[in-house]
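Sequence lines, in order, name chains A and B. Heads up: take any position in the first sequence, counting from 1, add 10, and you land on my numbering. Heads up: take any position in the second sequence, counting from 1, add 12, and you land on my numbering. From the three backbone atoms N, C-alpha and C, an ideal C-beta is built for every residue, glycine too. To start, the structure under review is shown below, and the notes come after it.
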Amino acid sequence: MAASVIETTDGEGRLGVALEGSFGLESAQDLRGNILHALQRGDLSFVELSAVERMEGSAASVMADALCSKGQMPAFVGARPGVRAILDLYIVEGQCPAHLPEPPRTPFIEQVGRSTLDIVATLKAMLTFVAEAAGAAVGAVRNPSTVAWRSVVRQVERHGADGLPIVATIGALMGLITAFQAAVQLRKFAADAFVADLVSLSLTRELAPLMTAIVVAGRSGAAIAAEVGTMKVSEEIDALRTLGVCPHRYLVFPRMLALIVVLPLLTLVADIVGILAGAVVATATVDVSFRQFILSTREALVPMDVLSGLMKAMAFGGLIAGLAAERGLSARGGAEGVGRVTTSAVVSTLFWLVLADALFAVLFDMWGLH
Amino acid sequence: MGAPLIEGATATEPQALIQARDLSIGYSKPLMEGLNLDIYQGDVFLVLGGSGTGKSTLLKTLFGQLAPLAGTVHVAGVGDPQDLDGKRPQFGVSFQSGALFGSMTIAQNVALPLERWTDLQRDTIAGIVDGKLRLVGLEGAGDRLPSELSGGMQKRAGIARALALETPLLFLDEPSAGLDPVTSAELDELLITLNRALGITLVVVTHELESIYSIGTRCVLLDRQTKGVLVSGDPREIRDTATDPRVRAFFHRERAGGHVSVGGTL
C-alpha cells in the first residue's frame, strides 16, 4: 500500500501537505521525514487527508509529533470517518501534545547531601531492625507458643542439611590446602611433626568458622534476601502486618534462629572433615602417620579452640540471617529491586563477617582465650 | 476500510480468525473440555464466567502461552500460536496485572517491541510511544517506573504496550478490572474505536457488565460444573432471551438460589 506526502497550497496560497494512501508503522519513518521536510519551507496551515484510506495510531501520533516540531498544529481537513476516529483518539484538534520538561539537574552539593541522608536513613533502618529483631526474640522467649516452630525446622533443613555437602567439600579442601602449605614450610625447619597443630588450630579457630560462614552467606543469605525481598515487593509483608502478624517474629526470627543453630553445626562438620583431610595429606607428604597426626591434634587442641570457633559461628549465623532479612525488607520496586537487595545482602554480609571476625580476635585476646 | 488485515479474509465471506477444536484446557486437570470456538475478524469476543472457571486459562491457551491438554488452536496467518518464539508478534496481549518490566520506564516498556521489530528511528518511536500513552490516558507518565504507578495505570500502560505493534488482533485479560468507573468507561470506548476504526479483533476476558453490553459483539459464558460453554452469542440477545437460571444469574447479577438473609456479622 503506497503512502505519500505531497506539498501543496490551498486557494489562498497557504502552504499545506496532502497525504495519500495507508499509513502505519512501516510508513511512519517516511511520514515524519516528509513532514519535517515540508516544514522547512514554512509553516503548514492544513493537512489534507481525503485520500487517506487508513491511518493507524502510530502514524497519527508520529504525524502530530512532527507537525508540532514548530510548536503549532495545522488543521486536518477531509478525513474519512474511520481516519477521523483514529485522529480524535490521538490528537486534540489544534493542540500540540505536551512534552515533559527536562528534569532539572541536581547540584553537586544537593547530591552529596542526599547521599548522606540516605546513609543516615540506612543506618537508622538497621538500628530499628536490630531493635525489632531483639523485640521479636524477647517476645519469643516470653511466649514460645507464638513462634512458628515448624518454620524454624524447615529453615534448619534448608540452610543446614541441604548445605552440608558444599560445606563439607569446602572444609575438606581447606584442610588439604592448609596441610600442604604447612608441610612445605615446616619441612624447612624439620618441624614436620607440627603439621597437625597448624592444621587443627587454624581450622578450628579461624578457617572453618569463616569459610563456612562465607559459603552460607552466599547460599542462604542470598536466598533469604531474595525471598523476603520478593515478599516485600509483592506486598506480602504489608499483608502480614494487616493480619496482625509481625513480620519480624514470623519471618525474620525463625531464619535467624535457624542459622544460629545451624552454622555451629556446619562449622563442626567443616572442622572434622578438614582435619581428616589434613591428616590424609600429612600422611602422604611428610613423615607423620595418620595415628600420629590425630594424637598430635588431640594434644594441640584445647576445647576452647573449638568452642571459640563455634561461638563465632553462632554470631555469624545471626549476622547472615539478620542482614539478609533486613536487606530483603528494604526492597523496593520490582524484580530489579530484589536483585539489588540480594547483591547488597551478600556483599554487606561478607564485609561484616570479616569485621566481626577481627572484633572476635581482639575480644578473645583481651579475655586471654588464645 | 482498506484491504483485509489477514490474508484470505474478506468482509463478505467471514473466515474464522481463531479456530479452536475439541479444546481441553487447564494445568494438570482439565478446567474446560471439548471447546469449539470460532472467533471472526472484527469480533469483540468476550470470554465470560465466574472466577475460577478458566477464563484466563482459555485466553492463555488461545494465544499460545499455555499448551492445550487436548485439541487444537489455529490462528489465521500464524498457525499454531505456540510456535511464536523469535517471530514478529501477530497479536498483542494485555495481561491482568500489566506485566510491565520493572526495571524500565513506562515509555521504555512501550518502545521495546518497536525497537525490536521495526527500523524506525528514535524520534519516530518516541512519537509513537507518546501517542500510545496519550491514548490510554498516561500522558506525561512515560518517564516513571512501573512501581511508581497505581495498579490501574500499570494496566493501562500494559495495554499501550500491547498496542505498540498495531497488530490486527488483541487479547485482553480483565482490561477494566481494578479501574475506576470513569477510566473503565473510557477504556471501553477506546476498545470500541480500535475495533470499529481499525478493524482490530479483540478477545477479552471480563466480568464487568457495562463492558459486556457496550463492547461485546459475541461472547461465551463458561461454566465450571459442566466444564463447557453454557451459552454463546450476542450478549444483549442472551440477556433478553435467556431462560437458563445460571445464565440469567450471570447476566442479571442475580443469585441463582434466590436471596439469603444474613442474620449475623459477616
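Quick check: the Cα distance between residue i and residue j, rounded to an integer number of angstroms?
i: residue 168 of chain A; j: residue 280 of chain A; result: 18 Å
i: residue 92 of chain A; j: residue 61 of chain A; result: 12 Å
i: residue 177 of chain B; j: residue 190 of chain B; result: 25 Å
i: residue 371 of chain A; j: residue 141 of chain A; result: 26 Å
i: residue 321 of chain A; j: residue 274 of chain A; result: 7 Å
i: residue 85 of chain B; j: residue 35 of chain B; result: 8 Å
i: residue 159 of chain A; j: residue 355 of chain A; result: 25 Å
i: residue 147 of chain A; j: residue 152 of chain B; result: 48 Å
i: residue 368 of chain A; j: residue 300 of chain A; result: 33 Å
i: residue 17 of chain A; j: residue 246 of chain A; result: 59 Å
i: residue 192 of chain A; j: residue 338 of chain A; result: 42 Å
i: residue 30 of chain A; j: residue 41 of chain A; result: 11 Å
i: residue 202 of chain A; j: residue 296 of chain A; result: 6 Å
i: residue 251 of chain A; j: residue 258 of chain A; result: 10 Å
i: residue 255 of chain B; j: residue 159 of chain B; result: 46 Å
i: residue 223 of chain B; j: residue 129 of chain A; result: 50 Å
i: residue 8 of chain A; j: residue 240 of chain A; result: Because chain A in this structure spans residues 11 to 380, residue 8 of chain A falls outside the shown range and cannot be described.
i: residue 86 of chain A; j: residue 169 of chain B; result: 28 Å
i: residue 163 of chain B; j: residue 376 of chain A; result: 58 Å
i: residue 257 of chain B; j: residue 105 of chain A; result: 52 Å
i: residue 63 of chain A; j: residue 98 of chain A; result: 16 Å
How close, in whole Å, do the beta carbons of residue i and residue j come, if the pair is a contact with beta carbons under 8 Å?
i: residue 114 of chain A; j: residue 26 of chain A; result: Incorrect: roughly 38 Å between the Cβ atoms, too far for contact.
i: residue 233 of chain B; j: residue 61 of chain B; result: 6 Å
i: residue 319 of chain A; j: residue 219 of chain A; result: 5 Å
Shortest alpha-carbon distance to residue i belongs to which of the options?
i: residue 230 of chain B; options: B:33, B:217, B:218 and B:244; result: B:244
i: residue 150 of chain A; options: A:263, A:230 and A:271; result: A:263
i: residue 213 of chain B; options: B:86, B:52 and B:33; result: B:52
i: residue 42 of chain B; options: B:31, B:80 and B:33; result: B:80
i: residue 134 of chain A; options: A:345, A:372 and A:340; result: A:340
i: residue 24 of chain A; options: A:53, A:31 and A:321; result: A:53
i: residue 278 of chain A; options: A:305, A:235, A:258 and A:323; result: A:323
i: residue 59 of chain B; options: B:247, B:77 and B:261; result: B:247
i: residue 235 of chain A; options: A:175, A:32 and A:353; result: A:353
i: residue 36 of chain A; options: B:265, B:141, B:126 and B:70; result: B:126
i: residue 249 of chain B; options: B:264, B:236, B:240 and B:239; result: B:264
i: residue 227 of chain A; options: A:154, A:364 and A:374; result: A:364
i: residue 207 of chain A; options: A:269, A:261 and A:292; result: A:292
i: residue 5 of chain A; options: A:73, A:267 and A:327; result: Past the edges of chain A, shown from 11 to 380, lies residue 5 of chain A, and the structure says nothing about it.
Is there at least one Cβ from chain A nearer than 7 Å to residue i's Cβ?
i: residue 55 of chain B; result: no
i: residue 209 of chain B; result: yes
i: residue 143 of chain B; result: yes
i: residue 178 of chain B; result: yes
i: residue 195 of chain B; result: no
i: residue 140 of chain B; result: yes
i: residue 245 of chain B; result: no
i: residue 114 of chain B; result: yes
Residue i by DSSP, collapsed to three states: which one?
i: residue 190 of chain B; result: coil
i: residue 15 of chain B; result: Low per-residue confidence applies at residue 15 of chain B: pLDDT is 43, beneath 50, and the placement is therefore not dependable, though the value from the model is reported in the following sentence. Here residue 15 of chain B sits in coil by DSSP.
i: residue 110 of chain B; result: coil
i: residue 61 of chain A; result: strand
i: residue 116 of chain B; result: coil
i: residue 157 of chain B; result: coil
i: residue 20 of chain B; result: Only weak support exists for where residue 20 of chain B lies, its pLDDT of 44 falling under 50; the value from the coordinates is given anyway. If DSSP states are grouped into helix, strand and coil, residue 20 of chain B belongs with coil.
i: residue 48 of chain B; result: strand
i: residue 231 of chain B; result: strand
i: residue 183 of chain B; result: strand
i: residue 258 of chain A; result: helix
i: residue 82 of chain B; result: strand
i: residue 103 of chain B; result: coil
i: residue 92 of chain B; result: coil
i: residue 31 of chain A; result: strand
i: residue 244 of chain A; result: coil
i: residue 34 of chain B; result: strand
i: residue 75 of chain B; result: coil
With a cut-off of 7 Å, does the C-beta of residue i fall near any C-beta of chain B?
i: residue 42 of chain A; result: yes
i: residue 100 of chain A; result: yes
i: residue 35 of chain A; result: yes
i: residue 95 of chain A; result: yes
i: residue 173 of chain A; result: no
i: residue 343 of chain A; result: yes
i: residue 38 of chain A; result: yes
i: residue 219 of chain A; result: no
i: residue 128 of chain A; result: no
i: residue 396 of chain A; result: Lying outside 11 to 380, the shown extent of chain A, residue 396 of chain A is not represented and no answer is given.
i: residue 346 of chain A; result: yes
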